[in-house]
């Protein structure tokens with residue numbers, strides 16, 4: 001009989017009634033036996049679409065949401081998706097979007113025109129600078145004459161850097177300075 005008393009004390013210890021009361025613990029037991037049946041209404045947890053039962057997924061995974069197949073059901077038929085805007089609101093938004101695009105196009109065109117004007121002004125300044133340089137250099141120009149090759153060979157590097165050669169630009173018809181060794 002010692003085995004039966006050991007099993008009785010083990011079951012009492014498992015339930016916590018005999019051992020807990022003898023030790024003087026004031027906490028109630030939180031242990032629940034595993035053979036207790038759960039009673040609940042599981043039909044209330046089925047998902048519905050506009051009050052109608054949704055049905056099962058093909059995969060059987062009931063936590064997955066079924067996607068709506070048609071655009072019409074997405075927009076208006078299902079109450080959760082029934083957030084469509086009124087025609088006036090959509091029209092007003094479309095007009096605002098169109099106005100914003102027009103303004104953006106205008107700004108882009110203004111920036112393009114400003115860039116073109118800046119480029120033209122820069123080219124004009126470069127042309128005037130070259131003309132003025134040419135006019136100024138004509139005052140101090142030297143004609144090397146027939147013996148240019150011997151004179152140039154006798155010059156120092158610093159003097160050679162000062163030499164400028166004029167040439168007519170075929171595209172613009174303007175006389176411009178080029179390097180003396182340019183082809």
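Residue numbers (the UniProt record's numbering): 1 to 183.
Glycine included, each C-beta is placed from N, C-alpha and C at the ideal position.
Quick caveat: nothing in here was measured; it's all calculated off a predicted structure.
Which of helix, strand or coil DSSP assigns to residue i
{"i": "residue 94", "result": "helix"}
{"i": "residue 166", "result": "strand"}
{"i": "residue 174", "result": "coil"}
{"i": "residue 52", "result": "strand"}
{"i": "residue 155", "result": "coil"}
{"i": "residue 255", "result": "A query on residue 255 cannot be resolved here, the shown segment of the chain reaching from 1 to 183 and no further."}
{"i": "residue 58", "result": "coil"}
{"i": "residue 64", "result": "coil"}
{"i": "residue 139", "result": "helix"}
Integer-rounded CB distance, given that residue j should sit under 8 Å from residue i
{"i": "residue 134", "j": "residue 175", "result": "6 Å"}
{"i": "residue 177", "j": "residue 165", "result": "7 Å"}
Sequence-distant residues of the same chain with beta carbon closer than 6 Å to residue i, five excluded per side
{"i": "residue 136", "result": "none"}
{"i": "residue 86", "result": "none"}
Contact under 8 Å by Cβ, residue i with residue j
{"i": "residue 160", "j": "residue 168", "result": "no"}
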